[in-house]
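Asks: Here you go, one structure.
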Amino acid sequence: MRATHSKKVGTGCNERPEKLNVHIRNSWRTNLQLIRSIGNMIGYKKSLSEWQCLSKVKMGRGSPIPPMLRRKIVEQYQKGASQRKIAKSLKLSSSTVHNIIQRFRESGTISVRKGQGRKTILDARDLRALRRHCITYRNATVMEITTWAQEYFQKTLSVNTIHRAIRRCRLKLYRSKKKPYLNMIQKRRRFLWAKAHLKWTVAKWKTVLWSDESKFEVLFGKLGRHVIRTKEDKDNPSCYQRSVQKPASLMVWGCMSACGMGSLHIWKGTINAERYIQVLEQHMLPSRRRLFQGRPCIFQHDNARPHTASITTSWLRRRRIRVLKWPACSPDLSPIENIWRIIKRKMRQRRPKTVEQLEACIRQEWDIIPIPKLEQLVSSDPRRLQTVIKRRGDATQW
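For the sequence shown, the UniProt record's numbering begins at 1 and goes up steadily by one.
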C-alpha cells in the first residue's frame, strides 16, 4: 500500500510541471503575437530579440514615457487615431496619452516637462539680501554668515545650504590677495604722488632704473595648503603640510629697466646702510653704465631704512645720482616687484633643496627674463597711476 501510494504521488508531481511549462509557453507566444500585432499596427518594425527586450522593460511609477513611445503616440494622433484607441493599442492610460498629445498641441514638442521639484528654502528675495550681506562683509566666514541668515530669515539653515545659496548668488569663496596695509595718510600721499607723475610718458618711465631687495627661502616641505585625499586619510603622513621654523634663506638685490636686466647681488643675512652703499658701488653703477650708456636716467628705490639713511643719501648726492621720490608702502607701483613674483613662482616649480641650488636657480631665472616682458611691465606704469587715482590712493591689482 505504501509503495502504491508513493507511486501515485510521484506521478502527480511529474504531471504538474509539464502542464505548467505548456501554459507558460502558450502565454509567451500569445504576448509575442500581441507585440507583433501592435508593431505592425503602428508601423514600427523591430527584430524578435529587440521586442523581447522591450517586453521585459517595466516603467516605474511616476517615471516619464520613453521618447520612442511618445513619438509613436504623436504619429498615430497625426494619422487620425483617437486617444482611446492609441491608449488601448499601446497599453497606456488614457490620461497619459491625453497629456502627451496636449503637450504636443501647446508647444509642438514631445519633450518631458521639467519637474518642479522641492521648493528652495531661500527664494529670490532672500538671495538678494544674502548677496548684499556677503558683499558688505566679504571677510566673514560661512559659519558667521549662516548664523546671521538664521536670525535674519528666521529659518533653519545649515552651513551646506548657505554654501549652495552663495553659489546661486554667483559668488564663491576665494583666497584673498596679500597687500600692505595703508592708513589714510599713506593713501593721501600715494594719491598726490600719482597725480604729480600722471603726465609722464612711457618714454619717460623707460629712463628709470628700478631696484629692490627680496627674500628667497628654501621651501623644503611646503607643498601648499591643498592635498588630494579621502576623508579617512586626514592623518596619513603623506597628507600633512610640513613646515620649517627657520628655513635657510637668501637676500637678493637686483635692478632692471626697460632696456634689460641689471646686475644681481645675493648675500646671507640682513643689510645695513654700509653694505647697501657697497652694493650700489659694485652693481648699480656698472648696470647703469651698461644699460643706459651715458644717457640720463633716474634711480628708484623704496623707503627702507638702509635706503633713507643719511650716509646713503649723502653718497647719492655726491655721485650726482637723481633719485625718484617714492611713496611709502607702494610695491604695486614698481615693475621689479613683478619680476620677483615671476622668479618665486619658478622657484616653487623647481623646488631647490639647498641654498647653493637656490642661488643657482635664481641667477638662471634672472638672466632669461626677456626684454619684451620688461617693456610691457614698464609701459604699465601710466595705467597703475590711473588706478591709484581712481581708488583714491588705495592698493591696486599689480
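Beta carbons are placed, not taken as given, at the ideal position from N, Cα and C, and that holds for glycine. Fair warning: this is a prediction, and the values are worked out from it, not measured in the lab.
1) Under the three-state reduction of DSSP, which class applies to Lys-177: helix, strand or coil?
2) For the 8 Å Cβ check, are there 3 or more pairs between the segment 151 to 163 and the segment 299 to 315?
3) With 16 as the cutoff for other CB atoms within 10 Å, does Pro-335 come out buried or exposed?
4) I'd like to confirm the pairing. Which residues does DSSP put opposite Cys-255 in its beta bridges?
5) Counting Cβ pairs closer than 8 Å, one from the segment 125 to 144 and one from the segment 168 to 176, do we hit at least three?
6) According to DSSP, simplified to helix, strand and coil, what is residue 415?
7) Alpha carbon to alpha carbon, how far is Val-279 from Gly-269?
8) Would Pro-370 be called buried (16 or more neighbouring beta carbons within 10 Å of its own) or exposed?
9) Would you check if the distance between the CB atom of residue 400 and the CB atom of Gly-260 is smaller than 9 Å?
10) To which residues of the same chain is Ser-47 closer than 8 Å at the C-beta, ignoring the five residues directly before and after it?
11) Closest to Arg-108 by CA distance: which of Thr-120, Ala-87, Glu-75 is it?
12) Helix, strand or coil: how does DSSP classify Ile-266 here?
13) Per DSSP, which one or two residues make a beta bridge with Val-323?
14) In whole angstroms, what is the alpha-carbon distance linking Ser-330 and Ala-395?
15) In terms of residues, what are the limits of the alpha helix (DSSP H) holding Thr-96?
16) For Ser-89, name the three-state secondary structure that DSSP assigns.
17) Taking C-alpha atoms, which residue in Ser-249, Val-323, Arg-189, Trp-205 lies nearest to Met-284?
18) Starting from Ser-249, follow its DSSP beta bridges and name the residues at the other end.
19) Give me, in chain order, the residues of the same chain whose beta-carbon lies closer than 7 Å to that of Leu-250; leave out the 5 immediate sequence neighbours on both sides.
20) On a Cα-Cα basis, can you pick out the residue from Met-68, Pro-382, Ala-258 that is closest to Pro-372?
21) Under the assumption that Ile-145 contacts Cys-134 (Cβ atoms under 8 Å), give the Cβ distance between them as a whole number of angstroms.
22) What do you reckon, are the CB atoms on Phe-292 and Leu-209 nearer than 9 Å?
23) By how many angstroms is the C-alpha of Ser-263 removed from the C-alpha of Leu-374?
24) Find out if the Cβ-Cβ distance for the pair Pro-66, Ser-111 is shorter than 9 Å.
25) With three or more beta-carbon pairs closer than 8 Å as the criterion, would you say the segment 192 to 205 touches the segment 235 to 251?
26) Got a sec? Which residues, its chain only, sit under 6 Å from Asp-381 by beta carbon, not counting five neighbours each side?
27) Leaving out five residues before and five after Ala-309 in sequence, what residues of the same chain have Cβ atoms less than 6 Å from its Cβ?
Replies: In short:
1) coil
2) The segment 151 to 163 makes no contact with the segment 299 to 315; the number of CB pairs closer than 8 Å stays below 3.
3) buried
4) Ser-211
5) yes
6) Missing from the structure shown is residue 415; the chain here goes from 1 to 398 and no further.
7) 14 Å
8) So Pro-370 counts as exposed.
9) There is no way to answer for residue 400, as the model of the chain reaches only from 1 to 398.
10) Its pLDDT being 46, under 50, Ser-47 is placed unreliably in this model, and the value from its coordinates should be taken loosely. Correct list: empty, nothing qualifies.
11) According to the sequence as given, residue 108 is Gly; it is not Arg. Scanning Thr-120, Ala-87, Glu-75 for the CA closest to the CA of Gly-108 turns up Glu-75.
12) strand
13) Phe-299
14) 8 Å
15) 94 to 107
16) helix
17) Val-323
18) Glu-217
19) Phe-216, Ile-266, Lys-268, Val-355, Leu-358, Glu-359
20) Shortest Cα-Cα distance from Pro-372 to any of Met-68, Pro-382, Ala-258 involves Ala-258.
21) Contact annotation, Ile-145 with Cys-134: C-beta distance approximately 7 Å; criterion of less than 8 Å satisfied.
22) yes
23) 15 Å
24) no
25) no
26) Trp-205
27) Ala-273
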